[in-house]
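Reviewing the structure listed below.
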């Protein structure tokens with residue numbers, strides 16, 4: 001369960017990058033932001049359950065203390081570093097075994113730790129791994145542990161860069177994007193995290209989104225066409241429909257919305273509206 005899920009259950013709850021809770025608010029931390037819920041809407045059982053779900057791990061890790069608590073990192077190096085963020089659903093036990101198994105995929109990881117019960121980080125100073133192999137490894141790991149894992153592969157940074165700011169922004173991107181794929185990075189998360197909310201907040205964007213959602217099969221069609229770069233033939237094959245059927249959908253959609261999915265600018269806008 002994420003903070004977005006909790007805000008649906010507790011509409012008065014608020015999210016902040018800093019802990020500015022009042023005495024009448026119950027505070028949770030998910031590793032990158034705080035959620036404040038008024039204590040009047042929670043009973044003791046709910047508090048205990050939420051505390052268990054978002055319990056912050058007791059960490060002695062040097063990297064954890066630097067990235068989470070802001071302590072100085074006593075490390076002199078000219079190497080570049082990057083983070084692999086992980087989010088694991090349905091991991092109710094065997095946390096240590098899961099992390100140990102996951103960590104062993106990488107050659108000489110500098111550190112690996114949980115931030116809370118379902119999210120954490122691996123710190124690396126090399127990219128001596130293959131993404132396709134990593135994807136296959138995660139699929140096998142999920143089979144073994146009956147979990148659902150998503151990763152975010154971070155950018156390379158030097159020690160004298162602001163690693164805390166990098167960590168916070170990557171974490172924000174990863175969580176706000178909703179873990180769209182098994183392996184994610186900046187290119188497949190920034191649209192949903194930064195652009196889509198602004199489009200949806202406009203009255204035009206909101207009404208157009210509702211119009212699209214009301215049309216059978218259009219969300220699947222738009223996403224498929226985006227993934228196939230607007231190519232009608234390959235999109236029709238992926239959707240298992242005749243090319244003429246897809247052309248008919250595209251024409252009807254154009255009549256309804258004024259957007260032509262054959263034009264990449266219009267296709268991009270439609271894609272952002274349905275993300």
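Numbering (full-length UniProt numbering), first residue to last: 1 to 275. For glycine and all other residues, C-beta sits at the position ideal for the given N, C-alpha and C. Being a predicted model, the structure only gives us computed values, none of them experimental.
Would you call residue i buried or exposed, if buried means 16 or more other Cβ atoms sit within 10 Å of its Cβ?
i           : result
residue 123 : buried
residue 16  : exposed
residue 40  : exposed
residue 161 : exposed
residue 140 : exposed
residue 78  : exposed
residue 251 : exposed
residue 131 : exposed
residue 204 : exposed
residue 94  : exposed
residue 13  : buried
residue 249 : buried
residue 209 : buried
residue 154 : buried
residue 30  : buried
residue 213 : exposed
residue 97  : exposed
Indicate whether residue i and residue j have their beta-carbon atoms separated by less than 9 Å.
i           : j           : result
residue 261 : residue 225 : yes
residue 272 : residue 199 : yes
residue 137 : residue 64  : no
residue 52  : residue 6   : no
residue 82  : residue 143 : no
residue 246 : residue 256 : no
residue 175 : residue 263 : no
residue 183 : residue 121 : no
residue 118 : residue 170 : no
residue 38  : residue 24  : yes
residue 107 : residue 80  : no
residue 173 : residue 152 : yes
residue 54  : residue 28  : yes
Identify every residue that forms a DSSP beta bridge with residue i.
i           : result
residue 148 : 89
residue 157 : 81
residue 14  : 36
residue 125 : Paired residue(s): none; residue 125 is not in a bridge.
residue 232 : DSSP, once it has assigned bridges, lists no residue as partnering residue 232.
residue 112 : 122
residue 27  : 36
residue 183 : 151
Considering only residues of the same chain and omitting the five flanking positions on each side of residue i, which have a CB-CB separation below 6 Å?
i           : result
residue 275 : 192, 196
residue 105 : 137
residue 73  : 66
residue 266 : 259, 260
Here's a check: name, in chain order, each residue in its chain whose Cβ is nearer than 7 Å to the Cβ of residue i, leaving out the five neighbours to either side.
i           : result
residue 243 : 232, 233, 236
residue 47  : 26
residue 278 : Nothing about residue 278 can be reported from this structure: the residues present for the chain run from 1 to 275 only.
residue 10  : 37, 41
residue 228 : 234, 235, 238
Excluding sequence positions up to five away, which residues of its chain have a Cβ less than 8 Å from the Cβ of residue i?
i           : result
residue 316 : An answer regarding residue 316 cannot be provided, because it is not within the stretch 1 to 275 covered by the chain.
residue 164 : 66, 67, 70
residue 159 : 73, 75, 76, 77, 78, 79, 81
residue 206 : 200
residue 254 : 260, 261
Strictly under 9 Å for the Cβ-Cβ distance: is residue i near chain B by that measure?
i           : result
residue 235 : Protein chains in the displayed structure number just one, and chain B is not present.
Under 8 Å: does the beta carbon of residue i sit that close to some heavy atom of the ligand NAD?
i           : result
residue 236 : The ligand NAD is not part of this structure, which contains no ligands at all.
*asked:* Tell me whether the region 140-154 and the region 172-189 touch, counting them as touching only if at least three CB pairs, one residue from each stretch, are closer than 8 Å.
replied: yes
*Is the region 208-220 in contact with the region 186-198, if contact means three or more CB pairs nearer than 8 Å?*
no
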